[in-house]
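A.B. asks: The structure is given below, and queries will be raised subsequently.
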Amino acid sequence: MKIMNKKLLINIINISLASFSVNALSLEASSNYYQDYDGVFIGYTTDPYFFPTWTEVGDRAQISRDDWNGFINTKGQIMTFRNYLDVDHTTNDFYYQTSDCTGTRYVKLKLYHYYHEDPFETEILKESPTTKKITQYTVTHEPFSMDNVGDDMFGDKGVSQSKIDENGKFICTKTHQQELRDQWDWAINLVENGPAEELEANREKVDYIIDTIPEEAMNNRLVLGKVSDDGIDMTNRYPWMGFDIEENHNVIGYIKAARFGHGIELILGETPPPVPPEELSFPRTSHNVTAHVRYTGDLSYVNITQGPDIFVSQITVNKESTGVYDISFPENYLSKKSSVNTFQVLCSVNSGADIYAANTTIGCHKLNNNNIIRVTTNYKGKPFDSDFSLNLQR
């Protein structure tokens, strides 16, 4: 029984988004720049090609701004477009070469009928489901050789894949390619090494696997880009760059303030660029934790929606006296030297009885030169022990 491997022509399609260049600063030395219909500055350019109509599919503009260099599409969205093979594509899953979704992460690059012989590198933007920070990761893939295309009909090794479901739960499953590989290995092993009676008993199943899996596998081969371990925090890196969050924490970057509905205009160096207006924005919250405390001074439970993990021993509650509680937080959440302008603290009474809830007041403030929030609860103006919640954001 001879099994023929087909050669597959592959086009690796990019995963959306921002592209950094070490040459960005020298590129910005160009005096040519883009502005929108209203004269709002977009960015400098050294691209000799310009698409003034923005009507054809694939129109894009190369820009450099600050230390960033990349491309935008007709909507002002940031994209990678190094050559005509690169097309935006977002991914929802991470792939792994282990069976339990641990180790180096990979993302799936879309297959197409063109072969990509150059080293591949692009970037993806992801939002952390816990910290809500937006991080840019680099994705790479080694070049293919025409001589060994088809040596493995299943493509790159992807054993398991993970995703975050709608409830924020981490889900790890075996990849479809690995399921096919397992079936194939079982059938081939039975043909080459198995007892004759077992092979005969499973002849129909074995024949089906050998007849169907090669075509299915090669039509759905995995091409996986390796994701860098470390990324660049993009959350507040550029005041002119905004982000749209898609499902499964995919992110699309875009140029803020400028309008792209009427196209953009290329201004040559004779005219100095306008000074971009300073756009003030509220900073994103990077740390958000809520502590729930019983009237006895016992810590009931803690919710962390943004920021690094907090160990159980890092939050403590001391009941100083009736209705007076001191809650200490780790330094990376609340520094002893923190100014009141750098964080926000909210507190609320959790009294279950209506008679108390209507007449109970609460206050909270940071103690000077301490990473401690003091909470005071009163009933009709007098100190009173009560359950409460304390929220800290910065």
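Residues -24 to -1, 1 to 370 in mature numbering (1 follows the signal peptide of the UniProt record, and there is no 0) are what the sequence shown spells out, letter by letter. Even for Gly, the Cβ is constructed at its ideal location relative to N, Cα and C. Being a predicted model, the structure only gives us computed values, none of them experimental.
(1) In whole angstroms, what separates the C-alpha of THR247 from that of ILE18?
(2) Contact between the stretch 127 to 136 and the stretch 71 to 85 is defined here as three or more beta-carbon pairs at a separation below 8 Å; is this criterion met?
(3) I'd like the list of long-range same chain contacts for PHE364, defined as Cβ closer than 7 Å, with 5 residues on each side in sequence excluded.
(4) In terms of alpha-carbon separation, which member of ASP12, ILE110 and GLY357 lies closest to ASN212?
(5) In whole angstroms, what is the alpha-carbon distance linking THR116 and ASP209?
(6) Determine the burial state of LYS313: buried for a count of at least 16 other Cβ atoms within 10 Å of its Cβ, exposed for fewer.
(7) Is the stretch 277 to 288 touching the stretch 42 to 53, taking contact as three or more C-beta pairs under 8 Å?
(8) Excluding the 5 residues flanking VAL300 on each side, which residues of the same chain have their C-beta closer than 6 Å to its C-beta?
(9) Could you name the residues that DSSP lists as bridge partners for HIS341?
(10) Mapping the DSSP letters down to three states, classify LYS181 as helix, strand or coil.
(11) Would you kindly work out how many angstroms separate the C-alpha atoms of LYS232 and VAL182, rounded to a whole number?
(12) Thinking C-alpha only, which one of ASP302, GLY239, GLU155 and LYS145 is nearest ASN196?
(13) Could you pull out every residue in the same chain whose Cβ sits closer than 8 Å to the Cβ of GLY273, ignoring the five residues on either side in sequence?
(14) Would you kindly check if the distance between the Cβ of ILE286 and the Cβ of ILE303 is under 8 Å?
(15) Per the DSSP calculation, GLN154 is bridged to which residue(s)?
(16) What does the alpha-carbon distance come out to for the pair GLU99 and LYS108?
(17) Assuming LEU310 and LEU244 are in contact, meaning their beta carbons sit under 8 Å apart, how far apart are those beta carbons, in whole angstroms?
(18) Determine the extent of the beta strand (DSSP E) in which ALA334 is found, giving its start and end residues.
(19) In chain order, what residues of the same chain lie with their CB nearer than 7 Å to the CB of LYS358, ignoring the 5 residues before and after it?
(20) In the DSSP assignment, find the unbroken beta strand (DSSP E) run with ARG370 in it and report its ends.
(21) Less than 8 Å between the beta carbons of TYR271 and SER362, yes or no?
(22) What are the boundary residues of the beta strand (DSSP E) that includes LYS139?
(23) Alpha carbon to alpha carbon, what distance is there between TYR20 and SER7?
(24) Pull the bridge partners of VAL167 from the DSSP assignment, please.
(25) At what residue ranges does the stretch 294 to 322 contain a whole run of the alpha helix (DSSP H), taking only runs of 4 or more?
(26) Should LEU200 be labelled buried (16 or more other beta-carbon atoms within 10 Å of its own) or exposed?
(27) For the beta strand (DSSP E) holding ASP220, just list the boundary residues, first then last.
(28) I need the DSSP call for HIS268, collapsed to helix, strand or coil.
(29) Between the C-alpha atoms of TYR13 and ALA234, what's the straight-line distance to the nearest angstrom?
(30) Taking DSSP as the reference, what is the three-state secondary structure of ASP132?
(31) Would you kindly check if the distance between the Cβ of PRO105 and the Cβ of ILE140 is under 8 Å?
(32) State buried or exposed for LEU366, treating a residue as buried only when at least 16 other CB atoms are found within 10 Å of its CB.
(33) Note down, in chain order, each residue of its chain lying with its Cβ closer than 7 Å to the Cβ of residue 371, except the 5 sequence neighbours on either side.
(34) Under the three-state reduction of DSSP, which class applies to ILE18: helix, strand or coil?
(35) Quick one: residues in its chain with C-beta nearer than 7 Å to the C-beta of ASN308, no 5 flanking neighbours on either side, listed in chain order?
(36) Would you report the Cα separation of TYR9 and LYS102, rounded to the nearest angstrom?
C.D. replies: The relevant details are as follows:
(1) Stepping through the sequence shown from its first residue, residue 247 is reached at position 271. Stepping through the sequence shown from its first residue, residue 18 is reached at position 42. Whole-angstrom Cα-Cα distance: 15 Å.
(2) yes
(3) Taking the sequence shown and counting its residues from 1, the one referred to as residue 364 is at position 388. These residues qualify, in order along the chain: VAL269, CYS323, SER324, VAL325, ASN326, ILE338, VAL351 and THR353.
(4) Residue mapping note: residue 212 aligns to position 236 of the sequence shown, counting from 1. The shortest C-alpha separation from ASN212 is found at ILE110.
(5) Against the sequence shown, residue 116 aligns to sequence position 140. Against the sequence shown, residue 209 aligns to sequence position 233. Approximately 19 Å, taken between the alpha carbons.
(6) Residue mapping note: residue 313 aligns to position 337 of the sequence shown, counting from 1. The residue in question, LYS313, is exposed, as its Cβ has fewer than 16 Cβ neighbours within 10 Å.
(7) no
(8) As a working mapping, residue 300 is identified with position 324 in the sequence shown. Excluding residues within five positions, the ones whose Cβ falls inside 6 Å are THR352.
(9) As a position in the sequence shown, residue 341 is number 365, starting the count at 1. Paired residues: ARG350.
(10) Your numbering for residue 181 matches position 205 in the sequence shown. Three-state result, LYS181: helix.
(11) As a first step, residue 232 is located in the sequence shown; it is residue number 256 there, counting from the start. As a first step, residue 182 is located in the sequence shown; it is residue number 206 there, counting from the start. LYS232 and VAL182: Cα-Cα distance of roughly 58 Å.
(12) Position 220 of the sequence shown, counted from the first residue, corresponds to residue 196. It is GLU155.
(13) The residue you call residue 273 lines up with position 297 of the sequence shown. Excluding residues within five positions, the ones whose Cβ falls inside 8 Å are VAL293, ASN294, LYS295 and TYR301.
(14) Mapped onto the sequence shown, residue 303 falls at position 327. Mapped onto the sequence shown, residue 286 falls at position 310. No, Cβ-Cβ distance for ILE303 and ILE286 is not below 8 Å.
(15) Here residue 154 refers to the residue found at position 178 of the sequence shown. DSSP lists no partner for GLN154.
(16) Start at 1 with the first residue of the sequence shown, and residue 99 comes out as number 123. Start at 1 with the first residue of the sequence shown, and residue 108 comes out as number 132. The alpha-carbon atoms of GLU99 and LYS108 are separated by roughly 18 Å.
(17) The residue you call residue 310 lines up with position 334 of the sequence shown. The residue you call residue 244 lines up with position 268 of the sequence shown. Wrong, their Cβ atoms sit about 53 Å apart, outside the cutoff.
(18) Here residue 334 refers to the residue found at position 358 of the sequence shown. That residue, ALA334, is in no beta strand (DSSP E); it is neither H nor E in DSSP.
(19) Mapped onto the sequence shown, residue 358 falls at position 382. Cβ neighbours of LYS358 beyond the five flanking positions: none.
(20) Indexing the sequence shown from 1 puts residue 370 at position 394. Careful: ARG370 lies outside any beta strand (DSSP E) and carries neither H nor E.
(21) In the sequence shown, the residue the question calls residue 271 occupies position 295. In the sequence shown, the residue the question calls residue 362 occupies position 386. Closer than 8 Å, so yes.
(22) Taking the sequence shown and counting its residues from 1, one reaches residue 139 at position 163. Start and end: 136 to 140.
(23) Against the sequence shown, residue 7 aligns to sequence position 31. Against the sequence shown, residue 20 aligns to sequence position 44. Those two C-alpha atoms are separated by around 7 Å.
(24) Sequence index remark: in the sequence shown, residue 167 carries index 191 (1-based). Answer is none; VAL167 lacks a bridge partner.
(25) none
(26) Position 224 of the sequence shown, counting from 1, holds the residue named residue 200. The residue is buried, with at least 16 neighbouring Cβ atoms inside 10 Å.
(27) Translated into positions along the sequence shown, residue 220 becomes position 244. Where ASP220 is concerned, the enclosing beta strand (DSSP E) stretches over 217 to 221.
(28) Counted from its first residue, the sequence shown places residue 268 at position 292. In this structure, HIS268 counts as strand in the three-state DSSP scheme.
(29) As a working note, residue 13 is residue 37 in the sequence shown. As a working note, residue 234 is residue 258 in the sequence shown. About 9 Å.
(30) Position 156 of the sequence shown, counting from 1, holds the residue named residue 132. Coil.
(31) Within the sequence shown, the letter at position 164 stands for residue 140. Within the sequence shown, the letter at position 129 stands for residue 105. For ILE140 and PRO105, yes; Cβs fall inside 8 Å.
(32) Reading the sequence shown from its first residue, position 390 is the one you call residue 366. Under this definition LEU366 is a buried residue.
(33) Because the chain is modelled from -24 through 370, residue 371 falls outside the range shown and cannot be assessed.
(34) Residue mapping note: residue 18 aligns to position 42 of the sequence shown, counting from 1. Strand at ILE18.
(35) Stepping through the sequence shown from its first residue, residue 308 is reached at position 332. Excluding positions up to five away in sequence, the list reads PRO284.
(36) Position 33 of the sequence shown, counted from the first residue, corresponds to residue 9. Position 126 of the sequence shown, counted from the first residue, corresponds to residue 102. Distance between the alpha carbons of TYR9 and LYS102 is about 29 Å.
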